[in-house]
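Asker:
Numbering (the working numbering), first residue to last: 31 to 289.
#1: Using a Cβ-Cβ cutoff of less than 7 Å, which residues in the same chain neighbour residue 250 once the five nearest sequence positions on both sides are dropped?
#2: Reducing DSSP to helix, strand and coil, say where residue 122 ends up.
#3: What are the boundary residues of the alpha helix (DSSP H) that residue 70 is part of?
#4: Quick check on the DSSP output: the alpha helix (DSSP H) that includes residue 199 runs from which residue to which?
#5: What does the Cβ neighbour count give for residue 243, buried or exposed, with the cut at 16 atoms within 10 Å?
#6: Could you tell me whether the Cβ atoms of residue 95 and residue 82 are closer together than 8 Å?
#7: Let's test the definition: count the other Cβ atoms within 10 Å of the Cβ of residue 80 and tell me whether it reaches 16, buried, or not, exposed.
#8: Can the beta-carbon of residue 287 be found less than 8 Å from the beta-carbon of residue 257?
#9: Relative to the C-alpha of residue 231, which candidate in 213, 212, 253 has its C-alpha closest?
#10: Considering only the alpha carbon of each residue, which of 70, 85, 221 lies closest to residue 77?
#11: Would you be able to state if there are at least three C-beta pairs under 8 Å between the segment 90–106 and the segment 65–73?
#12: If distances are taken between C-alpha atoms only, which option among 105, 75, 59 comes closest to residue 279?
#13: Could you check what DSSP says for residue 294 in three-state terms: helix, strand or coil?
#14: Just verifying my parser: in three-state terms, what is the DSSP assignment at residue 62?
#15: Kindly indicate which residue of 239, 284, 281, 265 has the alpha-carbon position closest to the one of residue 65.
#16: Assuming the contact rule is C-beta atoms closer than 8 Å, residue 132 and residue 266 should be a hit. Round their C-beta distance to whole Å, please.
#17: Run through DSSP, which three-state label would residue 78 get?
#18: In this structure, how does DSSP classify residue 274 when only helix, strand and coil are distinguished?
#19: Given this structure, state the Cα-to-Cα distance separating residue 210 from residue 248, to the nearest angstrom.
#20: Which term fits residue 47, buried or exposed, when burial requires 16 or more other beta carbons within 10 angstroms of its beta carbon?
Here it is, written out as structure tokens:
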């Protein structure tokens, strides 16, 4: 902790804590562990020596390492991002078609279009019933009672339909974010030092040998994404690579998904 001292105009001194200049490590809070339901934190072993190695580990609320979520190496994430990003860049010509296919698959699986259509049909039936009631020679109080009931049901259906339409736009419309992705891929293909981390908001570790890279293309805030629901999404691309670190030899399986 550093304390700075500043002399005031009247000759007194004010003291304040200096802002920390420590930079957050690149992959802290970037790799999410399915096993631990937490983000990995960075650690440096043998710091300042020729054996220095940066890695990631998951800590519990008491600061103890969660053994079940095995350590992941920084170089492992470096290689993952490079391999997956180059696959994306190489598929620029066909990627839009692939994304649309996945989007349609997810829409069909959600039944959201069916729910919207069913809602609209229910509204039509109620409106027809309302017209029928008003055309009948019923007691005015009964007509009023039935009409009010139908109006309330129509309001509920309209509210539910608005929620469904909002969900469809927020979760299943990728058009706005796709144009951003397209530009980033073009920049990446033209820039030697492009930071591939910019393409993926996070890495999801099912375990340290099964890694998922999500492309965030929906309109919802990434904080609202339920990761456990998304990891079974149909992959845009998949691949493997071998990773070696000292005595560690891993066969990494990776995939790119969309959410």
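All C-beta atoms in this analysis are idealised placements derived from N, C-alpha and C, irrespective of residue type, glycine included.
Answerer: With the structure as the only source:
#1: Within the chain shown, numbered from 1, the residue matching residue 250 stands at position 220. Cβ within range, chain order: 200, 201.
#2: Residue numbering aside, residue 122 sits at position 92 when the chain shown is read from its first letter. Coil.
#3: The residue labelled residue 70 in the question sits at position 40 within the chain shown. That residue, residue 70, is in no alpha helix (DSSP H); it is neither H nor E in DSSP.
#4: As a position in the chain shown, residue 199 is number 169, starting the count at 1. It spans 170–202 - the alpha helix (DSSP H) in which residue 199 sits, taken as one unbroken run.
#5: As a working mapping, residue 243 is identified with position 213 in the chain shown. When all chains shown are included, residue 243 counts as buried.
#6: Residue mapping note: residue 95 aligns to position 65 of the chain shown, counting from 1. Residue mapping note: residue 82 aligns to position 52 of the chain shown, counting from 1. In this structure, residue 82 does not lie closer than 8 Å to residue 95 by Cβ.
#7: Within the chain shown, residue 80 is the residue found at index 50, counting from 1. Classification of residue 80: exposed, given that the 10 Å Cβ count is below 16.
#8: Residue numbering aside, residue 287 sits at position 257 when the chain shown is read from its first letter. Residue numbering aside, residue 257 sits at position 227 when the chain shown is read from its first letter. Against a cut-off of 8 Å, the Cβ pair of residue 257 and residue 287 comes out as no contact.
#9: Locating residue 231 in the chain shown gives position 201, where the first residue counts as 1. Checking every option, the nearest Cα to that of residue 231 belongs to 253.
#10: Within the chain shown, residue 77 is the residue found at index 47, counting from 1. Residue 77 has its Cα closest to that of 85, out of 70, 85, 221.
#11: yes
#12: Position 249 of the chain shown, counted from the start, is the residue given in the question as residue 279. Minimum Cα distance to residue 279 is reached at 105.
#13: For the chain, the structure presents residues 31 to 289; residue 294 sits outside this window and is missing.
#14: Along the chain shown, read from residue 1 onward, the residue named residue 62 stands at position 32. Residue state, collapsed to three classes: strand.
#15: As a position in the chain shown, residue 65 is number 35, starting the count at 1. Ranking the options by Cα distance to residue 65, first place goes to 239.
#16: In the chain shown, counting from the first residue as 1, residue 132 sits at position 102. In the chain shown, counting from the first residue as 1, residue 266 sits at position 236. So it is a contact: roughly 6 Å between Cβ atoms.
#17: Position 48 of the chain shown holds residue 78. Looking at residue 78 - three-state DSSP - the assignment turns out to be coil, as it is neither helix nor strand.
#18: For the purposes of this step, residue 274 is identified with residue 244 of the chain shown, where counting begins at 1. The answer is strand: DSSP assigns residue 274 an E or B state.
#19: As a first step, residue 210 must be located in the chain shown, where it is residue number 180. As a first step, residue 248 must be located in the chain shown, where it is residue number 218. Taking the straight line joining both Cα atoms gives about 12 Å.
#20: As a position in the chain shown, residue 47 is number 17, starting the count at 1. For residue 47, the predicted structure reports a pLDDT of 48, less than 50, and the residue's modelled location is therefore unreliable. A value from the coordinates is still provided. With fewer than 16 Cβ atoms within 10 Å of its Cβ, residue 47 is classed as exposed.
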